[in-house]
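All the letters of the first sequence, read from the start, carry residue numbers 46 to 501 under my numbering.
Each remark here refers to the structure printed beneath this line.
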Amino acid sequence: MAALHGLIRGLLNATEAHEGVTARGWVRTRREGKGFSFLELNDGSCLANLQVIVDDGAPGSEALPDFQTGASVEVTGDLVASPGKGQRWELRATRVALLGQADSEYPLQKKGHSLEFLRTIAHLRPRSNLFGAVFRVRSRLAYAVHRFFQERDFVHVHTPIITTSDCEGAGEMFRVTTLKGDIDAKPSADFFGKPAFLTVSGQLEAETFACALSRVYTFGPTFRAENSNTSRHAAEFWMIEPEMAFCDLAGDMDLAEEFIKELAVYMREQCGEELALFERFVDKEVRRRLDFVIERPFQRVPYSEAVEILRRSGRKFDYPIEPGLNLQSEHERFLTEEHFKAPTTVFNYPREIKPFYMRLNDDGRTVTAMDVLVPGIGEVIGGSQREERLDQLRENLRRQQLSEADYWWYVDLRRFGTVPHAGFGLGFERLLMFLTGVANIRDVIPFARTPGSADF
RNA sequence: UCCAGAGUAGCUCAAUGGUAGAGCACGCGGCUGUUAACCGUGGGGUUGUAGGUUCGAGUCCUACCUCUGGAGCCA
């Protein structure tokens with residue numbers, strides 16, 4: 046019986062009627078009948094509401110006028126088969142109690158609200174069907190991410206959030222300081238004795254652990270101070286970065302593709318109720334896209350070949366296609382959605398457009414970079430085999446005008462027992478957008494931080 | 001940061017330069033084992049902000065603010 050005193054999810058999944066159960070939650074709507082009222086109760090444990098029947102005169106029913114949308118209540122009664130359509134079980138109340146009132150100013154009324162409006166009430170939107178579903182899915186997929194790596198003997202490493210290397214090379218960084226006034230006047234007086242920042246990637250630190258524990262991954266907050274105003278960028282997001290010693294680019298691509306597939310399968314099998322909601326109200330194509338990724342084998346194509354395909358496609362693109370230029374979103378989407386009609390991994394990019402840590406190929410012109418492209422989104426994963434040769438890494442640093450002294454510990458990995466190793470990075474929110482169909486990154490983060498906005 | 005669009009009731013939206021409206025929500029009444037119930041009725045507004053044009057501005061002009069979409073950067 047104890048379990049039945051738990052969440053509404055448990056009550057609705059009951060296999061038989063039960064007397065004397067208690068449900069707690071928030072009122073979604075109330076309908077008054079002759080001599081009794083219907084309450085729809087939701088506690089966020091699942092999408093569905095629990096229908097409650099309260100007879101006039103039942104203990105606590107005198108407060109029913111205050112059981113308005115948004116109010117928190119506790120109901121005790123008997124779980125019985127529902128004679129009405131639309132639900133299997135309902136709760137016949139023997140006692141009701143108002144825990145917390147919600148008056149008519151409660152902004153989340155029982156009506157369709159725009160996503161833009163819901164963002165302005167981020168403290169209340171988890172009580173809506175859509176956002177309850179999004180954040181239940183976010184939690185389960187975070188679990189699936191850990192499960193994927195733990196089952197493959199990866200060690201979870203908590204890489205630092207504050208860093209003093211301002212040269213991780215992945216974009217503008219947020220400054221962390223305890224100084225007042227001119228913070229650049231005397232950096233040695235600062236808390237860490239030098240300028241400090243919020244991390245833009247845990248990769249370099251993860252590499253050190255991979256070169257000790259063989260297989261590691263990070264899954265944590267990441268920060269970018271870029272003034273990016275798009276539906277795909279946030280100043281604070283969660284990144285997943287596996288790193289594997291004794292692994293080359295092929296092994297890296299294998300893992301990336303397996304990862305995407307497994308999470309799509311997990312979404313399909315473990316989040317069916319939410320997926321149905323997303324399919325209906327958010328993105329009619331989401332289930333088809335998941336099946337597309339699950340069923341179709343990934344295509345692998347070198348960058349040079351991808352460029353040729355784009356050139357010969359006869360398609361007019363807004364941006365030029367030339368060897369040595371980065372592929373634009375429109376190019377990536379053409380490859381995966383129209384040309385291959387499959388998830389696609391592009392690899393071996395020109396060294397000029399990629400960071401110093403990527404391994405130089407024997408041709409001397411390309412590096413072992415790879416991007417995994419999926420339909421609807423484009424790039425979801427970027428990774429590479431890392432440059433493990435000491436001399437070559439030093440040359441890469443020189444070419445990109447980076448100081449070896451700033452990377453002394455990173456270079457040390459190549460001095461002492463260096464090994465081939467590889468890894469990739471994945472934005473957790475972008476993965477969520479792909480798996481749920483939600484179009485704006487602000488709607489898969491509980492409280493989004495974007496330029497000019499850090500409320501709540 | 002660049003380009004485009006939008007800000008009118010709590011929410012979603014109407015309103016030829018000429019008296020600011022509807023639906024939902026909320027109050028009241030009615031009806032009903034109802035399903036975002038239904039029917040009737042009532043209250044609800046500094047039209048994003050500041051200027052300007054005009055006899056008259058929600059509507060036209062200028063600036064700013066905010067939001068949205070797209071681009072760049074990227075995950």
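Yeah, the Cβ is synthetic: ideal placement off N, Cα and C, and Gly gets one too.
Those residues which DSSP pairs with residue i across a bridge
i	result
V221	A241
Q430	A467
L438	Its beta-bridge partners do not exist; DSSP assigns none.
T74	E85
D100	F81
G472	M284
T208	F242
L143	V118
A301	DSSP lists no partner for A301.
T67	T121
L136	V97, L124
As assigned by DSSP and simplified to three states, the class of residue i
i	result
L169	coil
F236	coil
E271	coil
H158	coil
L258	helix
H376	helix
G307	Note that residue 307 is Glu in the sequence shown, not Gly. Residue state, collapsed to three classes: helix.
G317	helix
I197	The displayed chain sequence assigns Arg, not Ile, to residue 197. Looking at R197 - three-state DSSP - the assignment turns out to be coil, as it is neither helix nor strand.
H203	coil
A116	coil
V417	strand
L124	strand
E383	helix
Y394	strand
E330	coil
G265	strand
G482	coil
F461	coil
G184	According to the sequence as given, residue 184 is Ser; it is not Gly. In this structure, S184 counts as helix in the three-state DSSP scheme.
V338	helix
T60	coil
S498	strand
V489	coil
L294	helix
G105	coil
A47	Note that A47 has pLDDT 45, beneath the 50 cutoff, so the model's placement of it is unreliable and the number below is only indicative. It is helical.
R277	coil
D148	coil
Spatially closest choice to residue i from the options, by CA coordinates
i	options	result
G80	R69, Q96, D100	D100
P388	T411, L370, D408, V425	V425
A62	R76, V118, G122, G89	G122
S374	D235, G131, F362	F362
S173	L471, Y151, P420	Y151
N393	R404, H384, K399, A414	A414
V182	F501, I486, L480	L480
V346	F461, C292, L418	L418
R396	R410, H384, F473	R410
L258	V331, G70, R460, E288	E288
R269	D229, D299, F219, M298	F219
S429	G470, E449, G421	G470
T67	V118, C91, S90	V118
G497	A147, A279, S233	A279
T381	K306, F343, K231, F264	F343
L335	Y452, H168, P420	P420
T463	L109, P232, F385, T253	T253
L458	A301, E250, V412, T204	E250
E217	N94, V412, N58, V245	V245
Q437	D293, G265, A467, Y402	Y402
Expected contact under 8 Å - CB spacing of residue i and residue j to nearest Å
i	j	result
V72	G115	7 Å
I206	L243	6 Å
L124	W134	6 Å
R69	F112	That pair is no contact at about 13 Å.
F432	R404	Looking at the sequence shown, residue 432 is not Phe but Glu. Going by Cβ atoms, the distance from E432 to R404 rounds to 5 Å, so yes, they are a contact pair.
R164	R487	6 Å
V141	V200	Contact flag wrong, Cβ pair sits at about 51 Å.
G247	T263	4 Å
Y311	L186	7 Å
E281	R475	Not confirmed; about 14 Å, so no contact.
Residue i CB to nearest heavy atom of the ligand PLP below 7 Å
i	result
Q373	The ligand content of the structure shown is nil, which means the ligand PLP is not present either.
Just list the beta strand (DSSP E) runs in the region 341-371, keeping only unbroken ones of 3 residues or longer that don't cross its boundaries, in chain order. 344-347
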